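Structure, as structure tokens:
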Amino acid sequence: MESTLIQGLGFVLVVLACTANDSLQTLGTFLVSNRGRTPLWLQVLWICLATAAILIFGWIRYHGDPAWDRLGPFPPPEAFS
Numbered sequence: 773m774e775s776t777l778i779q780g781l782g783f784v785l786v787v788l789a790c791t792a793n794d795s796l797q798t799l800g801t802f803l804v805s806n807r808g809r810t811p812l813w814l815q816v817l818w819i820c821l822a823t824a825a826i827l828i829f830g831w832i833r834y835h836g837d838p839a840w841d842r843l844g845p846f847p848p849p850e851a852f853s
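According to the working numbering, the sequence shown is numbered sequentially starting from 773.
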């Protein structure tokens, strides 16, 4: 197997693991702290609406840049040999 394919696969797995871990910690705390006070379907609806609003805001405000223009000050990397 080509090394760049293995590197790419490893990077994707790391991104998925980090994102899933942070999401579970944040959402788990939110859901558990509101248990019994708010119906689960309403909590899930709120999470979905908030996430969609943030993604739409970022898409419109920063012209589709997922980094929200935070990477602008950094020059693009040079080609590796």
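A virtual CB, placed ideally from N, CA and C, is assigned to each residue, including glycine. Because the structure is a prediction, the values reported are computed rather than measured.
- Segment contact: the stretch 790–807 against the stretch 815–833, three or more CB-CB distances shorter than 8 Å; contact assigned.
- When DSSP states are grouped into helix, strand and coil, residue 837 belongs to the coil group.
- Per DSSP, residue 789 is one residue of the alpha helix (DSSP H) stretching across 775–805.
- The alpha carbon of residue 838 has as its nearest neighbour, out of 849, 830, 851, the alpha carbon of 830.
- When DSSP states are grouped into helix, strand and coil, residue 810 belongs to the coil group.
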